[in-house]
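Visitor: Please find one structure pasted underneath; my questions will follow.
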Amino acid sequence: KPRQQVISRFFAPK
Amino acid sequence: MLELRLVQGSLLKKVLEAIKELVTDANFDCSATGFSLQAMDSSHVALVALLLRSEGFEHYRCDRNLSMGMNLNNVSKMLRCAGNDDIITLKADDGSDTVTFMFESPNQDKIADFEMKLMDIDSEHLGIPEAEYHAIVKMPSAEFARICKDLSSIGDTVVISVTKEGVKFSTRGDIGNANIVCRQNTTVDKPEEATIIEMQEPVSLTFALRYMNSFTKATPLSNTVTISLSSELPVVVEYKVADMGYIRFYLAPKIED
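Residue numbers (this note's numbering), protein chains in the order written: chain A, 297 to 310; chain B, 121 to 377.
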C-alpha cells in the first residue's frame with residue numbers, strides 16, 4: 297500500500 | 121483597530137464552508153496585504169492557504185498586523201446567520217479577545233451584530249516555495265468534484281497522470297478499478313467550461329481521495345479549478361475567490377515504500 301507523506305516533508309517552518 | 125467590509129458577504133460564507141471540514145482551529149491574519157489564513161489538517165497531510173486581498177474589500181482598515189484565532193465551526197455557525205445578499209463587516213479592537221461579525225441586508229433594513237470569542241492557537245507558518253510545476257490542469261470545478269466523488273465510491277486513492285493524451289484520474293478498490301481521462305478541450309461555449317492542460321513533462325502522482333473530496337467543498341466559490349502537479353511535490357488545488365484572492369489546498373502525495 298502506498299505510504300502517506302506529511303506536508304512538513306516538503307515545506308519548512310518560516 | 122480592525123474593520124473589514126465585504127459587500128459580497130456570500131464569498132466569506134463560501135470560504136468557511138470550503139475549509140471548515142479540513143481545519144478545526146486556525147489563525148486569521150490581517151495585514152495591509154489582506155485577510156489570510158494558513159493551516160494544516162490535524163494529520164499534517166494537507167495545508168490550506170487563503171488570501172483575500174485588501175483591495176477586494178469595500179473598506180479595509182487594519183492599523184497593525186493582527187492574528188485572530190478562531191474555531192472554524194463556530195465562525196461557520198456565525199456566518200450561516202448572514203443572508204446570502206448581506207454585506208458582512210468584521211470588526212475587532214486592539215487587544216480584544218472577541219471579533220464582531222456585522223451583517224447588513226442589502227437595503228439596510230436589518231442590521232445584526234454577532235460577537236464571537238477568539239482563542240489562542242499555536243501555529244507555525246510554513247514557507248511555501250515558488251515552484252515550477254510539471255503540469256497545470258485547469259478544468260470546470262464541478263467536473264473535478266464529480267470525478268473525485270465518483271472515484272471515491274471505488275477506491276481510497278487517486279492516481280493523477282498527465283501525458284500528451286490528457287489528464288487521467290485512476291483508482292482501484294476491492295470491487296474493481298476505474299479510469300477517467302479528460303482531454304484538453306477549448307472548443308466550448310464559455311471559457312469556464314474549458315479544460316486546459318499545460319504540460320512541461322509527464323507526471324503521475326498518488327493522492328488520498330478523502331482529502332481531494334474535502335477540497336471540492338470549495339466548488340461553489342469558482343466555476344474553474346486549477347490543479348498543479350510536480351513529481352516529488354504536494355499537489356496544489358486552487359479555487360479563485362472572485363477577483364480578490366484564492367484558496368489553495370496543498371496535499372502531500374502518497375509514495376510506494
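Don't be surprised by glycine CBs; every beta carbon is placed ideally from N, CA and C.
From the DSSP output, in three-state form, read off Lys374 (chain B) for me.
Guide: Position 254 of the second sequence, counting from 1, holds the residue named residue 374 (chain B). Of the three classes helix, strand and coil, the one that applies to Lys374 (chain B) here is strand, per DSSP.
Visitor: Per DSSP, which one or two residues make a beta bridge with Leu170 (chain B)?
Guide: Counted from its first residue, the second sequence places residue 170 (chain B) at position 50. BP columns for Leu170 (chain B) point to B:Leu157, B:Ile367.
Visitor: Let me know if Cys150 (chain B) comes out buried or exposed under the rule of 16 or more other beta-carbons within 10 Å of its beta-carbon.
Guide: Position 30 of the second sequence, counting from 1, holds the residue named residue 150 (chain B). It is buried - the Cβ of Cys150 (chain B) has at least 16 other Cβ atoms within 10 Å.
Visitor: Which residues share a DSSP beta bridge with Val279 (chain B)?
Guide: Locating residue 279 (chain B) in the second sequence gives position 159, where the first residue counts as 1. Bridge partners of Val279 (chain B) according to DSSP: B:Ser290, B:Thr326.
Visitor: Could you have a look at Lys310 (chain B) and say whether DSSP puts it in helix, strand or coil?
Guide: Counting from one through the second sequence, the residue named residue 310 (chain B) turns up at place 190. Note: Lys310 (chain B) maps to coil in three-state DSSP.
Visitor: For the structure I just gave you, are there three or more beta carbon pairs, one from the stretch 169-179 of chain B and one from the stretch 188-197 of chain B, closer than 8 Å?
Guide: no
Visitor: For Asp145 (chain B), does the three-state DSSP call read helix, strand or coil?
Guide: Here residue 145 (chain B) refers to the residue found at position 25 when the second sequence is read from its first residue. Looking at Asp145 (chain B) - three-state DSSP - the assignment turns out to be strand.
Visitor: By the 8 Å beta-carbon criterion, what residues does the stretch 142-174 of chain B contribute toward chain A?
Guide: Met160, Ser163, His164, Val165, Ala166, Leu167
Visitor: In the DSSP assignment, the beta strand (DSSP E) including Arg181 (chain B) goes from what residue to what residue?
Guide: In the second sequence, the residue the question calls residue 181 (chain B) occupies position 61. Where Arg181 (chain B) is concerned, the enclosing beta strand (DSSP E) stretches over 179-182.
Visitor: Whose CA, out of B:Arg184, B:Asn227, B:Glu137, B:Val195, lies closest to the CA of Lys237 (chain B)?
Guide: Mapped onto the second sequence, residue 237 (chain B) falls at position 117. Nearest option by C-alpha distance: B:Val195.
Visitor: Taking 8 Å as the threshold (C-beta atoms), are Cys302 (chain B) and Val287 (chain B) in contact?
Guide: Here residue 287 (chain B) refers to the residue found at position 167 when the second sequence is read from its first residue. Here residue 302 (chain B) refers to the residue found at position 182 when the second sequence is read from its first residue. Yes, they are a contact pair.
Visitor: Would you say Glu244 (chain B) reaches chain A, if we count a Cβ-Cβ gap shorter than 8 Å as a contact?
Guide: In the second sequence, counting from the first residue as 1, residue 244 (chain B) sits at position 124. So, interface residue.
Visitor: Quick check on Glu376 (chain B) - is its C-beta less than 8 Å from some C-beta in chain A?
Guide: Position 256 of the second sequence, counted from the first residue, corresponds to residue 376 (chain B). True, the Cβ-Cβ gap to chain A drops below 8 Å.
Visitor: Measuring straight from C-alpha to C-alpha, what distance separates Ile375 (chain B) and Ser351 (chain B)?
Guide: The sequence position of residue 375 (chain B) within the second sequence is 255, counting from 1. The sequence position of residue 351 (chain B) within the second sequence is 231, counting from 1. Distance between the alpha carbons of Ile375 (chain B) and Ser351 (chain B) is about 11 Å.
Visitor: Our contact map puts Tyr265 (chain B) next to Thr336 (chain B) with C-beta atoms below 8 Å; I'd like the distance itself, whole angstroms only.
Guide: Within the second sequence, numbered from 1, the residue matching residue 265 (chain B) stands at position 145. Within the second sequence, numbered from 1, the residue matching residue 336 (chain B) stands at position 216. Before going further, note that residue 265 (chain B) is Ala rather than Tyr in the sequence given. A Cβ-Cβ separation of about 4 Å places Ala265 (chain B) in contact with Thr336 (chain B) under the 8 Å criterion.
Visitor: The stretch 312-331 of chain B: which residues have C-beta closer than 7 Å to a C-beta of chain A, in chain order?
Guide: Residues of the stretch 312-331 of chain B with a Cβ closer than 7 Å to any Cβ of chain A, in chain order: Thr326, Ala328.
Visitor: Go through its chain and collect everything with a Cβ distance to Ile295 (chain B)'s Cβ below 8 Å, but skip five positions before and after it.
Guide: Looking up residue 295 (chain B) in the second sequence gives position 175. Excluding sequence neighbours, Ile295 (chain B) sits near Ile274.
Visitor: Would Val302 (chain A) and Ala338 (chain B) be called neighbours here (beta carbons separated by less than 8 Å)?
Guide: In the first sequence, residue 302 (chain A) corresponds to position 6, counting from 1. In the second sequence, residue 338 (chain B) corresponds to position 218, counting from 1. No. Outside cutoff.
Visitor: From Arg184 (chain B) to Leu131 (chain B), what distance separates their C-alpha atoms?
Guide: Here residue 184 (chain B) refers to the residue found at position 64 when the second sequence is read from its first residue. Here residue 131 (chain B) refers to the residue found at position 11 when the second sequence is read from its first residue. The straight-line gap from Cα to Cα measures roughly 24 Å.
Visitor: By Cβ distance below 6 Å, which residues in the same chain neighbour Ala232 (chain B) in space, the five residues on each side in sequence not counted?
Guide: As a working note, residue 232 (chain B) is residue 112 in the second sequence. Here the set comprises Phe223.
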